[in-house]
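In my numbering, the protein residues as written are 9 to 130.
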Ligand SMILES: [Zn+2]
């Protein structure tokens with residue numbers, strides 16, 4: 009299951025960042041999901057609710073933000089937006105393009121639960 013692999017990788021990154029900041033929990037994980045990443049947000053959410061158990065992100069929310077598609081034309085060299093229905097060049101209409109953005113799944117932001125300073129002072 010592709011989404012589970014993605015979740016485990018996200019959780020690993022989140023744990024590393026949380027540890028670096030001495031956080032006691034991860035509250036929210038925001039990811040940018042490219043439309044061509046092949047990852048279904050609903051499946052990702054389902055996998056995340058299983059994968060997060062027992063981790064520092066056990067109570068974290070997973071928020072998926074849609075990424076954009078961009079293509080670079082091999083014929084005229086221009087770069088422009090693409091869509092799920094068309095990856096052709098917007099400048100010259102050539103279908104010979106390279107996708108430069110849209111396949112990614114990026115960890116955009118983490119919200120960490122940091123230790124309460126008052127509690128820590130005791
Ligand atoms: Zn072109």
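Where a beta carbon is used, it is the ideal one built from N, C-alpha and C, also for glycine.
These numbers were taken from a predicted model, which means no experiment stands behind them.
Asked	Found
With 16 other Cβ atoms within 10 Å as the buried cut-off, status of residue 58	exposed
Top-ranked residue by Cα proximity to residue 22, from 101, 10, 94, 35	35
Closer than 8 Å: residue 76 CB and nearest ligand 1 heavy atom	no
Helix, strand or coil at residue 69 [DSSP, three-state]	strand
At least 3 beta-carbon pairs within less than 8 Å: the stretch 60-80 vs the stretch 98-106	yes
Secondary structure of residue 89, DSSP reduced to three states	strand
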